[in-house]
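J.: First to last, the sequence lines map onto chains A and B. Using the numbering used here, the final residue of the first sequence is 294, and nothing's skipped along the way. Using the numbering used here, the final residue of the second sequence is 294, and nothing's skipped along the way. C-beta atoms are modelled at their ideal positions from N, C-alpha and C, and glycine is treated no differently. Small disclaimer: the values here were computed from a predicted structure and weren't measured.
There are 2 protein chains.
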Amino acid sequence: MDKPYRPKITRATRPLTTEVEAVNERGEALPTPIAGEHPLTLYVDKREVVTLMTLGQCPEALAIGYLRNQRLVRSIEEIAAVQVDWETEAAVVTTRKQIKRLKEKMKKRTVTTGCGQGTVFGDLMEEIDTIRLRDDVALTEETLYAVLDAVRKHETVYKSAGAVHGCALFDGPEIVYFIEDVGRHNAVDAIAGQMWLDRVDGSDKIFYTTGRLTSEMVIKAAQMRIPFLVSRSGLTQMGHRIAAQVGITMLGRAVGKHYLLFTGNHRFVKTVTQTMLA
Amino acid sequence: MDKPYRPKITRATRPLTTEVEAVNERGEALPTPIAGEHPLTLYVDKREVVTLMTLGQCPEALAIGYLRNQRLVRSIEEIAAVQVDWETEAAVVTTRKQIKRLKEKMKKRTVTTGCGQGTVFGDLMEEIDTIRLRDDVALTEETLYAVLDAVRKHETVYKSAGAVHGCALFDGPEIVYFIEDVGRHNAVDAIAGQMWLDRVDGSDKIFYTTGRLTSEMVIKAAQMRIPFLVSRSGLTQMGHRIAAQVGITMLGRAVGKHYLLFTGNHRFVKTVTQTMLA
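Set out below in structure tokens:
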């Protein structure tokens, strides 16, 4: 069997944390780890597209996922190479066939977002209406707790330095990816890019995020055809409305053995306990 | 004395929270408050500028502050009126003299950000070099603790529904504004807008945020000439670098009686305790 196509990419991960000195309330000067934040300007076929501020954990996947989630690129086959160079703070994407109407598509990119002023919106709401998520898959409470336990045990930049958000893709209780970034949007985009690179199908996976479930987060999960969306945090009204509309199984405030199931209850299987039967 | 000029504005605050039903781990269906999130498209002299996703607490101040922080408008005198209409999800800004080169200026608006993919960057870094913050003002540890205490006691959407960030402007230990929004960027922009509306000078004020201290947050505080920046959260490498460059007094992890002082130590006055003298 032929190996599936894969673009040529660099692997230019940056050091994720550095140390600075801070003085605490006891007057002690302490070396304090802080998260990286670096500008990365994305060029597609020599045209400047956007400057992202990123932790730099998976810059190539971020570039690919950004183009995927902004609908500037329709499949991984369109991408020939991604070269990230931190000297020039550039992610240079070359396509196999020049993207048609790139300028026009970029114009449509609206600056919106749950995090205040973010990215994509444009035609996404229309697209949402066409999305059908699989209904022949289920998330058991046991798997949910295993996911939350895996997240808790995972070594993260957040634990040492804070100031980042993490997103993870789970296949049942197993972590497929765990990516952190200064922004929720970058972390989810990087996962989308990595899924394309590795030909990972989202239709039976679980998406976990430490961030809030805003409209954009729900839209992006749905676009990746992921039926399960789990967050440690809360949600917004529009995140809830879109989740209900697309029928995604969405859980918030999920920590330890606690959670709130908001939408898509039909895919969630609760463990029936003795107390409940009694 | 003439009253200072003030544009005509609506006061179209939205209900900040709504309730949805969620099922918890005990199988109980609970009414759960969630934060609002609404698209608001900003038009300037009939030209569409941006769509922001907002809680809708101070939409007029948000519109003004967005234009201020994006450097699309140079003074409040340029703005004739701001009309927010939630039926059409529009914030309509009319200027007194049409903004010169609006189209060109909008082009320069780079989609960047600490929160992943946000807003403004462009020439901001150059501007930062020209900013001088006042050095004849001080923040005492006592005032800091009073600020943190006031934040703790303040009734917030965050306390009831989560999923929002809060920003506050303090004059000494007194809250001048406390604004929440789905994004840190919106909350800081709304404060910038309100400061213009009320002719509040930032040069001796304290800016508090629940959010992380990324590059953009530091830049915006510096642009408002605010010398003190306090956050409950951590910071990023670039936030730290810019804070050091501009000499802002920046404190992170500030909760209760704890804090970390990162930069601009010369404006911070620690209370000397008996233990320290001993």
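(1) Could you tell me how far apart the beta carbons of A:Val109 and A:Ile95 are, in whole angstroms, since I believe they sit closer than 8 angstroms?
(2) Can you pull the chain B residues whose beta carbon is under 9 angstroms from the beta carbon of A:Arg228, in chain order?
(3) Please state if the CB of A:Cys74 and the CB of A:Ile222 are separated by a distance shorter than 9 angstroms.
(4) Please return the same chain residues whose Cβ sits closer than 6 angstroms to the Cβ of B:Gly130, not counting the five positions on each side in sequence.
(5) Can you have a look at A:Arg27 and say buried or exposed, based on whether 16 or more other CB atoms are within 10 angstroms of its CB?
(6) Report all residues from its chain with a CB closer than 8 angstroms to the CB of A:Arg150; omit the five preceding and five following residues, and keep chain order.
(7) Answer yes or no: do A:Glu103 and A:Ile25 have a C-beta to C-beta separation smaller than 9 angstroms?
(8) Could you tell me the boundaries of the alpha helix (DSSP H) in which B:Pro81 lies?
(9) Residues of the region 80-92 of chain B with a CB closer than 7 angstroms to any CB of chain A: list them in chain order, please.
(10) If you compare alpha carbons, which of B:Val285, B:Val198 and B:Tyr161 is closest to B:Leu78?
(11) Going along the chain, which residues of its own chain have a beta-carbon closer than 7 angstroms to the beta-carbon of B:Val36, five neighbours each way excluded?
(12) Indicate the three-state DSSP secondary structure (helix, strand or coil) for A:Met240 in the structure shown.
(13) At 8 angstroms on the CB atoms, spell out the chain B contacts of A:Phe194, in chain order.
(14) Looking at the unbroken beta strand (DSSP E) that takes in A:Tyr161, where does it start and where does it end?
(15) Assuming A:Arg22 and A:Leu213 form a contact by the criterion Cβ under 8 angstroms, report the distance between their Cβ atoms to the nearest whole angstrom.
(16) Looking only at its own chain, which residues have a Cβ that is under 8 angstroms from the Cβ of A:Arg283, when we skip the five neighbours before and after it?
(17) Thinking C-beta only, is A:Val65 closer than 9 angstroms to A:Leu32?
(18) Quick check on this structure: which residue in A:Thr57, A:Arg148 and A:Leu277 has the alpha carbon closest to the alpha carbon of A:Tyr82?
(19) Using a threshold of 8 angstroms, is the CB atom of A:Thr287 nearer than that to any non-hydrogen atom of the ligand NAD?
(20) As an exercise, report each continuous beta strand (DSSP E) stretch of at least 3 residues that is fully enclosed by the region 199-239 of chain A, in chain order.
(21) To the nearest angstrom, how far is it from the Cα of A:Arg148 to the Cα of A:Gly280?
(22) Looking at the structure shown, is A:Arg112 part of a helix, part of a strand, or coil, going by DSSP?
(23) With a threshold of 16 other CB atoms inside 10 Å of the CB of A:Leu46, please say whether the residue is buried or exposed.
(24) Taking Cβ-Cβ distances below 8 angstroms as the criterion, which residues of the region 252-264 of chain B are in contact with chain A?
(25) Suppose you measure from the CA of A:Val285 to the CA of A:Phe186; what does that come to, to the nearest Å?
(26) Please look up how many angstroms separate the CB atoms of B:His170 and B:Thr226, rounded, as I've assumed it's under 8 angstroms.
(27) Could you tell me how far apart the beta carbons of B:Tyr275 and A:Glu41 are, in whole angstroms, since I believe they sit closer than 8 angstroms?
(28) Straight-line CA distance for B:Gly134 to B:His201?
(29) Any idea if A:Gly188 is buried or exposed, counting beta-carbon neighbours within 10 angstroms, 16 or more meaning buried?
(30) For A:Ala166, which residues in the same chain have their Cβ closer than 6 angstroms to its Cβ, ignoring the five residues on either side in sequence?
(31) Where does A:Thr287 land, buried or exposed, given buried means 16+ other C-beta within 10 angstroms?
(32) Using three-state DSSP, classify A:Ile258 as helix, strand or coil.
(33) In terms of alpha-carbon separation, which member of B:Ala270, B:Val100 and B:Val39 lies closest to B:Pro55?
(34) Using Cβ-Cβ distances below 9 angstroms, what residues of the region 209-228 of chain A are close to chain B?
(35) Could you please give me the residues that DSSP links to B:Thr67 through a beta bridge?
(36) For B:His274, go through chain A and note every residue whose CB falls closer than 9 angstroms to its CB, in chain order.
T.: Reading off the structure:
(1) Contact flag correct, Cβ pair sits at about 6 angstroms.
(2) The contacting residues are Ala51, Gly178, Ala179, Val180 and Val198.
(3) Not a contact, by the Cβ cut-off of 9 angstroms.
(4) Legend: pLDDT at B:Gly130 = 34, less than 50; position of this residue unreliable, value from coordinates given subsequently. Result list for B:Gly130: Thr230, Ser231 and Glu232, in chain order.
(5) By the neighbour-count definition (other C-beta atoms within 10 Å, threshold 16), A:Arg27 is an exposed residue.
(6) The answer, listed in chain order, is Ser219, Asp220, Arg241 and Pro243.
(7) Against a cut-off of 9 angstroms, the Cβ pair of A:Ile25 and A:Glu103 comes out as no contact.
(8) Per the sequence shown, the amino acid found at residue 81 of chain B is Gly instead of Pro. Bounds of the alpha helix (DSSP H) holding B:Gly81 are Pro75 to Asn85.
(9) Taking a C-beta cut-off of 7 angstroms against chain A, none of the residues of the region 80-92 of chain B qualify.
(10) Ranked by Cα distance from B:Leu78, the options B:Val285, B:Val198 and B:Tyr161 are led by B:Val198.
(11) Around B:Val36: Thr48 and Ile50.
(12) Of the three classes helix, strand and coil, the one that applies to A:Met240 here is coil, per DSSP.
(13) Those within 8 angstroms of A:Phe194 in chain B number zero; the least Cβ separation is about 17 angstroms.
(14) Counting along the chain, no beta strand (DSSP E) covers A:Tyr161; the unbroken alpha helix (DSSP H) around it starts and ends at Glu157 to Lys169.
(15) For a cut-off of 8 angstroms, the C-beta gap from A:Arg22 to A:Leu213 is around 6 angstroms, short enough to register as a contact.
(16) Hits under 8 angstroms: Asp151, Val153, Ala154, Leu155, Pro243, Phe244 and Thr265.
(17) Cβ atoms of A:Leu32 and A:Val65: not closer than 9 angstroms.
(18) Measuring from the Cα of A:Tyr82, the nearest candidate turns out to be A:Thr57.
(19) This structure lacks the ligand NAD; in fact it carries no ligand of any kind.
(20) DSSP runs (the beta strand (DSSP E)) wholly in the region 199-239 of chain A: 222-225.
(21) As the crow flies, the alpha-carbon of A:Arg148 is around 12 angstroms from that of A:Gly280.
(22) Coil, per DSSP.
(23) Per the 10 Å Cβ criterion, exposed.
(24) Using a CB distance below 8 angstroms, the part of the region 252-264 of chain B facing chain A consists of Thr252, Gln253, Met254, Gly255 and His256, ordered along the chain.
(25) In this structure, the straight-line span from the alpha carbon of A:Val285 to that of A:Phe186 is close to 17 angstroms.
(26) Between B:His170 and B:Thr226 a beta carbon distance of about 11 angstroms is seen, past the 8 angstroms cut, so the two are scored as non-contacting.
(27) Contact between B:Tyr275 and A:Glu41 holds, with the beta-carbon distance rounding to 6 angstroms and staying under 8 angstroms.
(28) Confidence at B:Gly134 is low in this model, with a pLDDT of 38, below 50, so its placement is unreliable and no value can be given for it.
(29) Classification for A:Gly188: exposed.
(30) Result list for A:Ala166: Ile191, in chain order.
(31) The residue in question, A:Thr287, is exposed, as its Cβ has fewer than 16 Cβ neighbours within 10 Å.
(32) In this structure, A:Ile258 counts as helix in the three-state DSSP scheme.
(33) Considering only alpha carbons, the answer is B:Val100.
(34) Within the region 209-228 of chain A, the residues whose Cβ lies closer than 9 angstroms to some Cβ of chain B are Arg228, listed in chain order.
(35) BP columns for B:Thr67 point to B:Thr57.
(36) Going along chain A in sequence order, the residues near B:His274 (Cβ under 9 angstroms) are Asn40 and Glu41.
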